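Novice:
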Amino acid sequence: MLYDETPLGNTRLIETGQTRGFYAQGALVAVLTAQPLDRFLDYKAPEGGVMQGAYVEVPLGPRKVLGVVWGAGEGKFDPAKIRKISNVLDVAPMREEMQIFLQKVADYTLTPMTAMLRLATRAPGLTNPPSMQRVVALGSGQPDRMTPAREKVLAVLEEQEGQHFMPSELAQMAGVTPSVIKGLVKQGVIVELETPRDVPYPKLDPSLPSKTLTPSQASAATQLQAHLQTGAYQTTLLKGVTGSGKTEVYLEAVAECLRQGRQALVLLPEIALTVEFLDRFETRFGRRPAEWHSGVTMTERRRCWRMVGQGDAQVVVGARSSLYLPFQNLGLIIVDEEHDTSYKQEDGVFYSARDMAVMRASICGASVVLASATPSLETWVNAKAGKYTRIDLEKRFGAAELPDMCAIDLREDALETGRWISSTLVSQVNARLELGEQSLLFLNRRGYAPLTVCRACGEQVGCDHCDARMVEHRFHAHLMCHQCGETKPIPEKCPSCGVEGRMAAVGPGVERLAEEAADRFPDARISVLSSDMSLSARALKSRIAEIANGEADIIIGTQLVAKGHNFPLLTCVGVIDCDLGLQGGDLRAAERTFQLIRQVAGRAGRAEKKGVAYLQTHQPEHPVIKAIIAGEEDEFWQAEAASREQAGVPPYGRMAGIVITGPELSVVSNVAQHLVRTSIGLRQIGAEVYGPAPAPIARVRGKHRIRLLVKAPKGVMLQPALAAWRAGIRLPNNVRMNIDIDPQSFY
Ligand code: ADP
Ligand code: ZN
Numbered sequence: 000m001l002y003d004e005t006p007l008g009n010t011r012l013i014e015t016g017q018t019r020g021f022y023a024q025g026a027l028v029a030v031l032t033a034q035p036l037d038r039f040l041d042y043k044a045p046e047g048g049v050m051q052g053a054y055v056e057v058p059l060g061p062r063k064v065l066g067v068v069w070g071a072g073e074g075k076f077d078p079a080k081i082r083k084i085s086n087v088l089d090v091a092p093m094r095e096e097m098q099i100f101l102q103k104v105a106d107y108t109l110t111p112m113t114a115m116l117r118l119a120t121r122a123p124g125l126t127n128p129p130s131m132q133r134v135v136a137l138g139s140g141q142p143d144r145m146t147p148a149r150e151k152v153l154a155v156l157e158e159q160e161g162q163h164f165m166p167s168e169l170a171q172m173a174g175v176t177p178s179v180i181k182g183l184v185k186q187g188v189i190v191e192l193e194t195p196r197d198v199p200y201p202k203l204d205p206s207l208p209s210k211t212l213t214p215s216q217a218s219a220a221t222q223l224q225a226h227l228q229t230g231a232y233q234t235t236l237l238k239g240v241t242g243s244g245k246t247e248v249y250l251e252a253v254a255e256c257l258r259q260g261r262q263a264l265v266l267l268p269e270i271a272l273t274v275e276f277l278d279r280f281e282t283r284f285g286r287r288p289a290e291w292h293s294g295v296t297m298t299e300r301r302r303c304w305r306m307v308g309q310g311d312a313q314v315v316v317g318a319r320s321s322l323y324l325p326f327q328n329l330g331l332i333i334v335d336e337e338h339d340t341s342y343k344q345e346d347g348v349f350y351s352a353r354d355m356a357v358m359r360a361s362i363c364g365a366s367v368v369l370a371s372a373t374p375s376l377e378t379w380v381n382a383k384a385g386k387y388t389r390i391d392l393e394k395r396f397g398a399a400e401l402p403d404m405c406a407i408d409l410r411e412d413a414l415e416t417g418r419w420i421s422s423t424l425v426s427q428v429n430a431r432l433e434l435g436e437q438s439l440l441f442l443n444r445r446g447y448a449p450l451t452v453c454r455a456c457g458e459q460v461g462c463d464h465c466d467a468r469m470v471e472h473r474f475h476a477h478l479m480c481h482q483c484g485e486t487k488p489i490p491e492k493c494p495s496c497g498v499e500g501r502m503a504a505v506g507p508g509v510e511r512l513a514e515e516a517a518d519r520f521p522d523a524r525i526s527v528l529s530s531d532m533s534l535s536a537r538a539l540k541s542r543i544a545e546i547a548n549g550e551a552d553i554i555i556g557t558q559l560v561a562k563g564h565n566f567p568l569l570t571c572v573g574v575i576d577c578d579l580g581l582q583g584g585d586l587r588a589a590e591r592t593f594q595l596i597r598q599v600a601g602r603a604g605r606a607e608k609k610g611v612a613y614l615q616t617h618q619p620e621h622p623v624i625k626a627i628i629a630g631e632e633d634e635f636w637q638a639e640a641a642s643r644e645q646a647g648v649p650p651y652g653r654m655a656g657i658v659i660t661g662p663e664l665s666v667v668s669n670v671a672q673h674l675v676r677t678s679i680g681l682r683q684i685g686a687e688v689y690g691p692a693p694a695p696i697a698r699v700r701g702k703h704r705i706r707l708l709v710k711a712p713k714g715v716m717l718q719p720a721l722a723a724w725r726a727g728i729r730l731p732n733n734v735r736m737n738i739d740i741d742p743q744s745f746y
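Numbering (numbering that gives the first Met the number 0), first residue to last: 0 to 746.
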C-alpha cells in the first residue's frame, strides 16, 4: 500500500451533480480511514467492484481497518504496490450528502477528516458480518416420549404461538435446563432458525390523535408543517416561555415529517430529560423512537446506527453526537433548549451541535427547529436578521401563569455566618410547607464547599495536578478537583503548617445547602438533585418522578433542575446566589445568568397554582438582575446585542480560542510566542491575535496551558488563515494545540 499525497482538509470533493461513482474491480479508489493519518489512502477495488461511499475494510500494515470509499484514487504510485480492499461491509453506503457534511464540519472546525470519520462511525462491531442470532421455534416433529420438563417447554411455545426465542431464554421461561431444549431440537420438535440480531424499530403512527392545540400552538405547528412541505432547508426559532407547549408543537412537526416518509432527529441536552420525553413521544406516536446517547447499550447503539442507515429508524432522540448518524432521508432536526451549553463539545472535536445541525439540514434540505424559552444571543440575532423564522408562544398552557420575580437584597436581609438562606426566603419556604406545596432552592455549585482553608495559616487546599482549589464533597467524604477529577481525603491537619483541627469549609455547595435546609426545616422531606451524586440515569429518573409525585417538600439542586422538568406542586423557587454567574470576565456571563435564572424560575407554578421566584443578590440594581426581574426579555437581548456589537465579539465578530498545552512551561511558552510571531497571515485578513496569556486555569492534569485569542471581523475567511498558520508550525513532542472556533468557554 502507498500513501496518497492528497492532504486532507481542503475540499477535494465531489461537486454534486455528477453521478455517484462505481469503481470496477481493480480501479483505484481513495479510502478515508479513522486512523490518525493525515491523508486518504489509495486501494484497488475488490472483486465485484465497489460504490463510492461504501464502508470497507482495508489492510494497513499488518492490520485491517475500517474505511469509506471517498472517491477516485490519485494513481500517482506504482499500481503493483497498491493493495486491494479486503472486503465491503454489508451496511448502507455513506451518502454523498454525509460526505459533504463531514467535509464541511472538518473545514469549519479545523478537524482532520480521520477524526470526523471516527465521529461518524461510533458504533461497535461495524466490521463484523451482520450478526445473526440462533433462535428456536416450535417445529412439526413428535417427541419419542413426554417428560414433565418437555411438557413445560411445549406449553410455553404453544402459549406464545408463532414466537421464537433464544434457547437460553426459552429454557428460563419454561424453568428447565438447556439440555431439555437440545433434546427436543434433536427430535425435530423444536427447530433452530437464524434471524438478524439488529431488527428495525417499530413503525411510528403519526395519525394517532394529538392533544388539542390552543390557537397559537396550532398556528405555530401549521407554520412548521408548511416549511416541511416545501422540502427545502429552513430554520425556525420556536421561542416560548417554559410550559407554553413547545414540545407539543414540535411533535406535530415530527408527525408531518413522518407523513412525508422522512426521518427526524430530536436533540435533547440532557439524558435525564429523555425519559420524560420518551413517554410523551410514545403517547403521540404509539411507539418509542430510537435512542442514541451515552446511556444506551453497545448492542442498541449498533442497532440504531445500522437501522438509521437503512431507513428503519424513523426518529432518533439523542445527544449531540447523534448528528453524525447516517440518516438516509433526514427531513427535520429539533434542537430543544437550543441555548444549552452542553451542545458545545469541547473535547476531541470542538463543535457546536446546534450550529452543525443547521449546516447538516442546509445540505440535505431539512427543516430545523430551535426551541427555547431563552434562546442564545446568536439565534436571537439570526432571527432578527431574518435568517431564521421566529415563532413566539407567549403564554403558558392552561391556567398556568409565569411566576412573579422578587429580589431579596442581601445587604438588608443579611445572612448569618455560615448560612445561605435569608430570613425572607426561610419564611417563604415555611409558608409553602404549611400549604403542602414544594420549594426549590437553587445553587449552581456542586459538592459541599468550594474551598477548604486552614484557619491557622490561610492555606487553601489545591489540586496537585491543576491550578485549582479542591472542592469538598461530604457526601463522598473527600475533596475533589473539578478539573481533573482527582480526589483526596479531607485533611485533619493542614498540609502546609501542620496545625491540627483548624481546616474549615468555606462557602456553600448544594450539599452544604441541603445540610442547612435540614437544620432549618427539620420536618421537611428534602431531595437533592445534583449531577455529581453518582446517580445512575435510572436513579435520577426515579428521583425526578418522586419529586413530581409530591414525595419531597424541598428540592435542592444545581443546574440539573433548571432543564425542562415538570414539577406541578412547585410554587416557590429560591435562587441562593444570583450573582454567582456574573463574576468573571466571560463574554457570555450576562447571557448565561439571564438564561439560567429565567429557566430555574420557570420551574415554579407550572400547574394551576401561581409561583414566585426569590432571587438572593447583593446587587439588585445590576442591569442583568433588573432585566431578569422585570422580565424584559427583548430589551435585555437588545442591550446585550448592542454591547457585543460595539465590542466586535460574537455574534458580531468571529473568534477562535487557541490553547497550547504541554508538560514544560518554557516549551509551551515558546510555542505560543512563536505562534504570535508567525501570525502575519492572520493580521493580513484583518484578524487580531491576543496573548499569549496563561489560561485562567493555568495547569490541568499536570499540563501547563497558555491561551491565545483570535478575533476577526464578521465575514472574513478565518478558518483557511488559521489552517495555514497551524500548518506553518511544527509542534514539539508532547505539546498540543487546540483550536476552538466560536469558543463558548474560556477556562
Ligand atoms: P414547553 O416544552 O414549552 O416547556 P410543554 O410542551 O412541555 O411546554 O407543555 C407544558 C405542559 O402543558 C405539558 O405537561 C403539556 O403536556 C401540557 N400541554 C401543553 N399544551 C397542551 C395542549 N394543547 N393540550 C394539553 N396539554 C398541553
Ligand atoms: Zn486537578
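We put the beta carbon where it would ideally sit given N, CA and C, even for glycine. Owing to the predicted nature of the structure, the values given are computational and were not obtained by experimental measurement.
1) Taking Met165 and Gln132 to be in contact with their CB atoms under 8 Å, please state how far apart those CB atoms are, rounded to whole angstroms.
2) Count the other CB atoms, across all protein chains shown, that sit within 10 Å of the CB of Gln582; report buried if there are 16 or more and exposed otherwise.
3) Can you tell me the Cα-Cα spacing of Thr282 and Lys210, whole angstroms?
4) With respect to 8 Å, is the separation between the Cβ of Thr32 and the closest non-hydrogen atom of ligand 1 below this value?
5) Give a single yes or no on whether Glu791 has its beta carbon closer than 8 Å to a heavy atom of ligand 1.
6) Among Arg473, Gln427, Cys496, which residue has its Cα nearest to the Cα of Arg454?
7) Using 10 angstroms around the beta-carbon of His163, count the other beta-carbons present and answer buried if the total reaches 16, otherwise exposed.
8) Identify every residue that forms a DSSP beta bridge with Glu191.
9) Tell me the residue span of the beta strand (DSSP E) that contains Lys713.
10) Can you tell which of Leu450, Ala467, Arg524, Ala517 has its C-alpha closest to the C-alpha of Ile489?
11) Quick one: which unbroken alpha helix (DSSP H) runs of 4-plus residues sit fully inside the stretch 614–647? Chain order, please.
12) For ligand 3, any of its heavy atoms closer than 8 Å to the Cβ of Ala370?
13) State whether the stretch 75–88 contacts the stretch 18–30, with contact taken as three or more CB pairs (one from each stretch) at a distance under 8 Å.
14) Can you tell me which residues form a DSSP beta bridge with Met654?
15) With Ala551 and Val505 assumed to form a contact (beta carbons below 8 Å), what rounded beta-carbon distance in angstroms separates them?
16) Residues in its own chain within less than 6 Å of His481 by CB, not counting five upstream and five downstream?
17) Whose CA, out of Val688, Ile684, Gln683, Leu664, lies closest to the CA of Val675?
18) On a Cα-Cα basis, can you pick out the residue from Arg302, Asn328, Val295, Ser351 that is closest to Arg319?
19) Around the Cβ of Asn733, are there at least 16 other Cβ atoms within 10 angstroms (buried) or fewer (exposed)?
20) With distances taken from CA atoms, which of Leu203, Ala711, Glu433, Glu411 is nearest Glu644?
21) Going by alpha carbons, who is nearest to Lys540 out of Gly294, Gln262, Pro374, Met404?
22) Ignore the nearest five residues each way along the sequence and tell me which others in Ala289's own chain have a CB closer than 6 Å to its CB.
23) Does at least one heavy atom of ligand 1 sit under 8 Å from the Cβ of Ser530?
24) Looking at the structure shown, is Arg700 part of a helix, part of a strand, or coil, going by DSSP?
25) How is Leu440 classed by DSSP in three states: helix, strand or coil?
26) If you reduce the DSSP assignment to three classes, tell me which class Lys202 lands in.
27) Have a look at the DSSP bridge pairing and note the partners of Ala544.
28) Residues in its own chain within less than 8 Å of Gly500 by CB, not counting five upstream and five downstream?
29) When the distance is taken between beta carbons, is Val87 closer than 9 Å to Pro45?
30) Throw me the rounded Cβ distance for the Gln222 and Ile390 pair, which I believe falls under 8 Å.
31) How many angstroms separate the CA atom of Asp578 from the CA atom of Trp636?
32) Relative to the alpha-carbon of Asp89, which residue among Gly230, Val460, Glu56, Trp724 has its alpha-carbon at the smallest distance?
33) When you compare only the Cα positions, how much space is there between Phe441 and Ala722?
34) Taking its Cβ as the centre, do 16 or more other Cβ atoms sit within 10 Å of Ile553, making it buried, or is it exposed?
35) Please work out which residues of its chain come closer than 6 Å, Cβ to Cβ, to Cys698, disregarding the five sequence neighbours upstream and downstream, and give them in chain order.
36) I'd like to confirm something about Thr340: is its beta-carbon nearer than 8 Å to some heavy atom of ligand 1, or not?
Specialist: Well, looking at it:
1) 7 Å
2) exposed
3) 10 Å
4) No - ligand 1 has no heavy atom lying nearer than 8 Å to the Cβ of Thr32.
5) Because the chain in this structure spans residues 0 to 746, residue 791 falls outside the shown range and cannot be described.
6) Cys496
7) buried
8) Val135
9) Unbroken run through Lys713: none, as it is neither H nor E.
10) Leu450
11) 622–629, 632–646
12) Within the structure as shown, ligand 3 is missing, the only ligands being ligand 1 and ligand 2.
13) The stretch 75–88 vs the stretch 18–30: in contact.
14) Lys710
15) Not confirmed; about 28 Å, so no contact.
16) Val470
17) Val688
18) Ser351
19) exposed
20) Ala711
21) Gly294
22) Tyr200, Cys303, Ala312, Val315
23) no
24) coil
25) strand
26) coil
27) None; Ala544 has no bridge partner.
28) Glu491, Lys492
29) yes
30) 6 Å
31) 19 Å
32) Glu56
33) 43 Å
34) Residue burial is scored here from C-beta neighbours: Ile553 has at least 16 other C-beta atoms within 10 angstroms and is therefore classed as buried.
35) Residue identity check: residue 698 is Arg in the sequence provided, not Cys. Excluding sequence neighbours, Arg698 sits near Cys465, Asp466.
36) no
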